[in-house]
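Student: 1 is the number of the first residue of the sequence shown in UniProt numbering; add one for each residue after it. C-beta: ideal position from N, C-alpha, C; glycine also. Note that the structure is a prediction, hence the values are computed from the model and not measured.
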Amino acid sequence: MQGRKRGAGVAQTPYRFDYYTTDEFNNKKLLSAIGSLVVFIAYFAEPSDLDEIWTTPPHVLTANFQRKMLREQIKQAEAKGQDTTLLRAELDYVDVKEAALQIQFQQQDRKKRA
């Protein structure tokens, strides 16, 4: 008894493989879609609050935060009928603190660069 060829008697599939069905093409298609999405998001991204926080000098952030807190405390004190002269004086003093912090941060930057 003689052996038969492998696949003999099995019908050939009518489907022919081409480049557009390969894993290589599917990977390129996926990378292209992801790349397009990244470019789209990067191009149309608007500045956010985090961008402002990272680019604002620290002395400005600190002073603005203190001003906001003091204004809220003044509103609360006025609502309770308490005296707000001390809080208002402290609010005026924030400008002096801001200038001092600016000098301090500039000195720290100079030390880092040296």
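Write down the C-beta distance between residue 116 and L91 rounded to the nearest angstrom, noting that I regard them as a contact closer than 8 Å.
Tutor: It is not possible to answer for residue 116, since the shown part of the chain is limited to 1 through 114.
Student: For A63, count neighbouring C-beta atoms within 10 Å of its own C-beta (all shown protein chains included) and say buried if the count is 16 or more, exposed if not.
Tutor: The residue you call residue 63 lines up with position 63 of the sequence shown. So A63 ends up on the buried side.
Student: Below 8 Å on the Cβ atoms is my contact criterion, and I expect I74 with T85 to pass it. Report the Cβ-Cβ distance as a whole number of Å.
Tutor: For the purposes of this step, residue 74 is identified with residue 74 of the sequence shown, where counting begins at 1. For the purposes of this step, residue 85 is identified with residue 85 of the sequence shown, where counting begins at 1. Contact doesn't hold; Cβ gap of about 10 Å is too wide.
Student: I'd like to check one pair, H59 with L101: are the Cβ atoms closer than 8 Å?
Tutor: The residue given as residue 101 occupies position 101 in the sequence shown. The residue given as residue 59 occupies position 59 in the sequence shown. In contact: L101 and H59 (Cβ atoms closer than 8 Å).
Student: Contact defined as beta carbons within less than 8 Å: I believe P47 pairs with F105. What is the distance between those atoms, to the nearest angstrom?
Tutor: For the purposes of this step, residue 47 is identified with residue 47 of the sequence shown, where counting begins at 1. For the purposes of this step, residue 105 is identified with residue 105 of the sequence shown, where counting begins at 1. Not a contact, Cβ separation roughly 23 Å.
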